[in-house]
Ligand code: SF4
């Protein structure tokens, strides 16, 4: 970490003001929330504009080359708009590169270096010492709307997928004790959160590094295991949605919790590909035909189950046959929602050294073909919702139309439900909606008369 100026030019009772630019995945967003929670607790205020901020913190993403370019662009904007800039997050591991381009940066820290970021902020912009203002709101400081929140249960990953450098950036799996997670969940619920999005790099592996040790929450011993944690979270009576699950065998044990209504019947499992040859090159489980069988059994047990996934196409060595196999697999799998990335080399990833890199135009063309193929499948699944009644959590109120999501849709990445005749519905309200129409991504309906909650 390198630190520049120590003066902030503030005097008297004016609080120091921080601007924040948060880039990257929901996990980075949670890091930003934690940093802000701590700074707010120390009396710093947030500024929505570069001009009014005393310094700007840029939380970067360094996963793909395109994300790095976006991060560098954001740093450039912050330098031009404010001039006093601290950089943190995944791109922070390339400090020399950042400093070469932006020599006036005050400090650079890497991912998860909370203490180092806070120290850098203190050094560049000392906190105001006034205990009357040092109160943290009970829910901490969230960047998500008040009615939903991301809850990070672990950091790091023990896998070694060849296209990914997250284990290098974030280290091996490091889980939080179950009691810590549950206390944070309880605070969020008390603050009005209606939906918790459970995240980690490898959510299904939660607790393995702790030997699944128990910890005590409200007099009960809870094991640090995803099934036990999900069950305990389910008792808060709000929506619990699990993200980023590796396809472990023990996911099957989550289905009874879905049937009981403890967690949402929603799996987010990045399958990445279906061709055994490509999966082996990716260093991922290569038995996708077995996965089809599991999907069939899951749906038999829990017909409401919605499955979201993501894929990488144009991987080095991927043949047209591999790609066709993936399209056929998707036809069989009938996934509800799919995201797809065209392969890109990531500095430091093992896959960069693989033979058979494909031209970018072919990678992009396969991405487009996959999305078109899946759009038809997703649209067909949405069409089957017409006539159903779904419980919808409202994200945006509106005079004529409110917008929300059912259990089948995670915020930001999935679709939405447009609710006509909303009659005063507000963000965070839960309402039963009769679905009247659908398109490729979204559903449309009206509240069922007299039915809320
Ligand atoms: S499981 Fe996910 S985070 Fe871990 S190495 Fe593979 S892609 Fe990266």
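Numbering (the numbering used here), first residue to last: 919 to 1371. From the three backbone atoms N, C-alpha and C, an ideal C-beta is built for every residue, glycine too.
Open item on the list: Using 8 angstroms for Cβ pairs, my map puts residue 1112 next to residue 1346. What's the rounded Cβ distance?
Closed with: Residue mapping note: residue 1112 aligns to position 194 of the chain shown, counting from 1. Residue mapping note: residue 1346 aligns to position 428 of the chain shown, counting from 1. The Cβ separation is near 5 angstroms, so the contact holds.
Open item on the list: Would you say the beta carbon of residue 949 is closer than 7 angstroms to some non-hydrogen atom of the ligand SF4?
Closed with: Taking the first residue of the chain shown as position 1, residue 949 is located at position 31. The answer is no for residue 949.
Task: Residue list, Cβ distance to the ligand SF4 heavy atoms smaller than 5 angstroms - done: Checking every Cβ against the heavy atoms of the ligand SF4 under 5 angstroms gives 1075, 1077, 1079, 1082, 1084, 1119.
Task: contact_flag[the segment 1178 to 1195, the segment 1213 to 1228] where n(CB pairs < 8 angstroms) is 3 or more - done: Cβ pair count under 8 angstroms is three or more, so yes.
- [ ] From the DSSP output, read off the bridge partner residues of residue 1363.
- [x] As a position in the chain shown, residue 1363 is number 445, starting the count at 1. 1337, 1353.
TODO: Counting only runs of 4+ residues fully inside the segment 936 to 1013, write out the alpha helix (DSSP H) ranges in chain order.
DONE: 944 to 959, 983 to 999
TODO: Write down every uninterrupted run of the alpha helix (DSSP H) in the segment 1049 to 1109 whose length is 4 residues or greater and which is fully enclosed by it, in chain order.
DONE: 1084 to 1088, 1096 to 1108
Task: Other residues of its chain near residue 1103: CB distance less than 8 angstroms, five sequence neighbours each side excluded - done: Along the chain shown, one-based indexing puts residue 1103 at 185. Taken in chain order, the residues that qualify are 1069, 1114, 1151, 1154.
Task: Pairwise C-alpha distance: residue 1147 and residue 965 - done: Counted from its first residue, the chain shown places residue 965 at position 47. Counted from its first residue, the chain shown places residue 1147 at position 229. Those two C-alpha atoms are separated by around 36 angstroms.
Open item on the list: Considering only their Cβ atoms, is the gap separating residue 1289 from residue 1220 smaller than 8 angstroms?
Closed with: Along the chain shown, one-based indexing puts residue 1220 at 302. Along the chain shown, one-based indexing puts residue 1289 at 371. The Cβ atoms of residue 1220 and residue 1289 lie no closer than 8 angstroms to each other.
Task: Rounded separation between residue 1067 and residue 1061 - CA only - done: In the chain shown, the residue the question calls residue 1067 occupies position 149. In the chain shown, the residue the question calls residue 1061 occupies position 143. Residue 1067 and residue 1061: Cα-Cα distance of roughly 8 angstroms.
Task: residue 969 burial status per 10 Å Cβ neighbour count (16 or more: buried) - done: In the chain shown, counting from the first residue as 1, residue 969 sits at position 51. When all chains shown are included, residue 969 counts as exposed.
Task: Cutoff 8 angstroms; reference residue 1026; Cβ partners in own chain excluding five residues on either side - done: Stepping through the chain shown from its first residue, residue 1026 is reached at position 108. Once the five neighbours on either side are set aside, the close Cβ partners of residue 1026 are 919, 920, 1004, 1005, 1006, 1010, 1013, 1016, 1017.
Task: CB contact flag (residue 1079, residue 1202, <8 angstroms) - done: As a first step, residue 1079 must be located in the chain shown, where it is residue number 161. As a first step, residue 1202 must be located in the chain shown, where it is residue number 284. In contact: residue 1079 and residue 1202 (Cβ atoms closer than 8 angstroms).
Task: Enclosing alpha helix (DSSP H) for residue 1208 [first to last residue] - done: By 1-based counting over the chain shown, the position of residue 1208 is 290. 1206 to 1219 is the span of the alpha helix (DSSP H), which, as asked, contains residue 1208.
TODO: Output yes or no for whether 8 angstroms exceeds the beta carbon distance between residue 1119 and residue 1075.
DONE: One-based indexing of the chain shown puts residue 1119 at position 201. One-based indexing of the chain shown puts residue 1075 at position 157. A contact, by the Cβ cut-off of 8 angstroms.
TODO: Confirm, please, whether the CB-CB distance from residue 1343 to residue 1337 is below 8 angstroms.
DONE: Looking up residue 1337 in the chain shown gives position 419. Looking up residue 1343 in the chain shown gives position 425. Yes, these two residues count as a Cβ contact at 8 angstroms.
Open item on the list: Just to confirm the assignment, what range does the beta strand (DSSP E) spanning residue 1184 have?
Closed with: Taking the first residue of the chain shown as 1, we reach residue 1184 at position 266. Per DSSP, residue 1184 belongs to the beta strand (DSSP E) from 1184 to 1186.
Open item on the list: Which of the three DSSP states is assigned to residue 1269 in this structure?
Closed with: Translated into positions along the chain shown, residue 1269 becomes position 351. It is helical.
Open item on the list: Assuming residue 1251 and residue 1276 are in contact, meaning their beta carbons sit under 8 angstroms apart, how far apart are those beta carbons, in whole angstroms?
Closed with: Numbered from 1 along the chain shown, position 333 holds the residue referred to as residue 1251. Numbered from 1 along the chain shown, position 358 holds the residue referred to as residue 1276. Actually they do not touch by this definition, with Cβ atoms about 24 angstroms apart.
Task: Option in 1236, 1262, 1297 with minimal Cα separation from residue 1253 - done: Locating residue 1253 in the chain shown gives position 335, where the first residue counts as 1. When each option's Cα is compared against that of residue 1253, the closest is 1297.
Task: N-terminal and C-terminal residue of the beta strand (DSSP E) that residue 1137 is part of - done: Along the chain shown, one-based indexing puts residue 1137 at 219. Per DSSP, residue 1137 belongs to no beta strand (DSSP E) and is neither H nor E.
Task: Buried or exposed by the 16-neighbour rule on C-beta atoms within 10 Å, applied to residue 1200 - done: Your numbering for residue 1200 matches position 282 in the chain shown. Residue 1200 comes out buried.
TODO: Assign residue 1042 to one of two classes, buried (16 or more other C-beta atoms within 10 Å of its C-beta) or exposed (fewer than that).
DONE: Residue mapping note: residue 1042 aligns to position 124 of the chain shown, counting from 1. Buried, because 16 or more other Cβ atoms sit within 10 Å of the Cβ of residue 1042.
Task: Cut-off 7 angstroms between Cβ atoms - residues of its own chain near residue 1134, not counting five sequence neighbours on either side - done: The residue given as residue 1134 occupies position 216 in the chain shown. Closer than 7 angstroms at Cβ, skipping near neighbours: 1097.
TODO: Please state whether DSSP places residue 1025 in a helix, a strand or coil.
DONE: The count along the chain shown starts at 1 and reaches residue 1025 at position 107. Looking at residue 1025 - three-state DSSP - the assignment turns out to be strand.
- [ ] State whether the segment 1120 to 1130 contacts the segment 1153 to 1168, with contact taken as three or more CB pairs (one from each stretch) at a distance under 8 angstroms.
- [x] yes
Task: Euclidean distance between Cα positions of residue 985 and residue 947 - done: Position 67 of the chain shown, counted from the first residue, corresponds to residue 985. Position 29 of the chain shown, counted from the first residue, corresponds to residue 947. Taking the straight line from one Cα to the other gives about 15 angstroms.
Open item on the list: Does residue 1205 pass the burial test, meaning 16 or more other C-beta atoms within 10 Å, or should it be called exposed?
Closed with: Here residue 1205 refers to the residue found at position 287 when the chain shown is read from its first residue. Exposed, since its Cβ has fewer than 16 Cβ neighbours within 10 Å.
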